[in-house]
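A.B. asks: Below is one structure. I have some questions about it.
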Amino acid sequence: MQKSFLKLISNSQPFLKALYISSNLFRLHSGPASRRVVMPGQPHELLLLLCPVRHMSNLSSKASLSIWRRKKEIGKEGLIVAKDLKRLCNNPVRFDQYMRSNVSRLLKSDLVSVLAEFQRQDHVFLCMKLYDVVRKEVWYRPDMFFYRDMLMLLARNRKVDEANRVWADLKKEEVLFDQHTFGDIMRMYLDSGLPEQAMEVYEEMRRSPETPISLPFRVILKGLVPYPELREKVKDDFMELFPGAIVYDPPEDLFEDDRQWRKSSDEDDYE
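In UniProt numbering, the protein residues as written are 1 to 271.
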């Protein structure tokens, strides 16, 4: 393979041939104090040397991926802990003992996976308990995706008090959401029938230093169709930020039908 590779580069740039030949003179010596320049001794190593930027960028992108975005698979011990927590959640004394003795010993990957599974199953109580555990771990770092998943869970289950507490924590830790995350959280509040909380998220979004983009606004405007007054406010902001944009307005009777449905639902609640 080396002969064929040398024959290939002999017909190209002279410095490639010189680089390949010199690489056989400077092989890597392993040792604790060694700081020699690494030269390639194999053809594939030469290619890595010629393309170092791409090679290093791939490594850095993998290393920088948030643990809350990686695929989460629960290990054997994580499965046991998840099962026991669900079994003990109605027994406060034994539950607290188990949290101190077993959950605190979980590996990072298992703890993250168990929390993600409880979020998927909408176990709000257990998620809040693990939320507190995670934030006390030595490896914990404030992360946008960690808070996003918690807020999506709490908005989906209409847990306003818990969501307010999580918001206070993320602001204390100075976590910044991007525009797409703001839009997703606000839309979840709207789909759950919590327009007041959704507009609080919207105000946070407007105060954000992130540059506004149109797609999250369109997601929000679609979710605000049942709330025409709030929709007009967001629409005005949208048109001010993006003057040439076109916004689809649903028919007026759609708003009227929705108002009548909400009025009848409120009357049924009081009967």
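Built from N, CA and C at the ideal position, the CB exists for glycine as well.
Predicted model only: the values in this text are computed from it and were never measured.
1) Where Asp236 and Ser66 are concerned, what is the direct C-alpha to C-alpha distance, given to the nearest angstrom?
2) Identify, in the order they occur along the chain, each residue of the same chain with its Cβ nearer than 8 Å to the Cβ of Leu130, setting aside the five sequence neighbours on each side.
3) Taking its Cβ as the centre, do 16 or more other Cβ atoms sit within 10 Å of Gly223, making it buried, or is it exposed?
4) Going by the CB atoms, is the gap between Leu126 and Leu85 shorter than 8 Å?
5) Cutting at 7 Å between CB atoms, please list the residues of its own chain near Met188, excluding the five before and the five after it.
6) Would you identify the three-state DSSP class for Pro251, choosing helix, strand or coil?
7) Which residue marks the beginning of the alpha helix (DSSP H) containing Tyr131, and which one marks its end?
8) If we count Cβ pairs, one from each stretch, closer than 8 Å, do we get three or more for the stretch 240 to 251 versus the stretch 191 to 207?
9) Which residues in the same chain as Glu77 place their Cβ atom closer than 8 Å to its Cβ, once the five residues preceding and following it in sequence are excluded?
10) Looking only at C-alpha atoms, which of Arg100, Asp149, Gly75 sits nearest to Asp122?
11) Using only CA atoms, which one of Phe146, Glu232, Asp249 lies nearest to Met199?
12) Inspect the beta-carbon positions of Val124 and Glu174 and report whether they are closer than 8 Å.
13) Keeping to the same chain, check which residues put their C-beta closer than 7 Å to that of Pro212; ignore five residues upstream and five downstream.
14) Between Phe182, Met99, Val225, which lies nearest to Ser214 when the distance is taken from Cα to Cα?
15) With C-beta atoms as the reference, is Pro250 less than 8 Å away from Val225?
16) Output the distance between the C-alpha atoms of Arg165 and Gly244, rounded to the nearest integer angstrom.
17) For Ser22, which three-state DSSP category applies?
18) Can you tell me whether DSSP reads Glu174 as helix, strand or coil?
19) Checking 8 Å against the spacing of the C-beta atoms, do Leu170 and Tyr202 come in under that value?
20) For Val133, which of Glu229, Ser101, Leu190, Arg87 has the nearest alpha-carbon?
21) Taking 8 Å as the cut-off, decide whether the C-beta atoms of Leu194 and Val160 are in contact.
22) Where Asp184 and Arg218 are concerned, what is the direct C-alpha to C-alpha distance, given to the nearest angstrom?
23) State the Cα-Cα distance for the pair Leu88 and Arg94, rounded to the nearest angstrom.
24) At 3 residues or longer, and completely inside the stretch 155 to 232: list those beta strand (DSSP E) runs for me, N to C.
C.D. replies: On the basis of the supplied data:
1) 36 Å
2) Val103, Leu111, Val114, Leu115, Phe118
3) Burial state of Gly223 is buried, judged by a 10 Å Cβ sphere holding 16 or more other Cβ atoms.
4) Yes, Cβ-Cβ distance for Leu85 and Leu126 is below 8 Å.
5) Met152, Ala155, Arg156
6) coil
7) Membership of Tyr131 in the alpha helix (DSSP H) is indicated by the continuous run 124 to 136.
8) no
9) Leu106, Leu107, Asp110
10) Asp149
11) Met199 has its Cα closest to that of Glu232, out of Phe146, Glu232, Asp249.
12) Against a cut-off of 8 Å, the Cβ pair of Glu174 and Val124 comes out as no contact.
13) Same-chain partners within the cutoff: Gln179, Leu241.
14) Scanning Phe182, Met99, Val225 for the CA closest to the CA of Ser214 turns up Phe182.
15) In this structure, Pro250 sits near Val225, with a CB-CB distance shorter than 8 Å.
16) 39 Å
17) At Ser22 the pLDDT is 48, less than 50, meaning the model places this residue with poor confidence; the figure from the coordinates comes in the next sentence. Correct three-state label for Ser22: helix.
18) coil
19) No, these two residues do not count as a Cβ contact at 8 Å.
20) Ranking Glu229, Ser101, Leu190, Arg87 by Cα distance to Val133 puts Ser101 first.
21) yes
22) 11 Å
23) 7 Å
24) none
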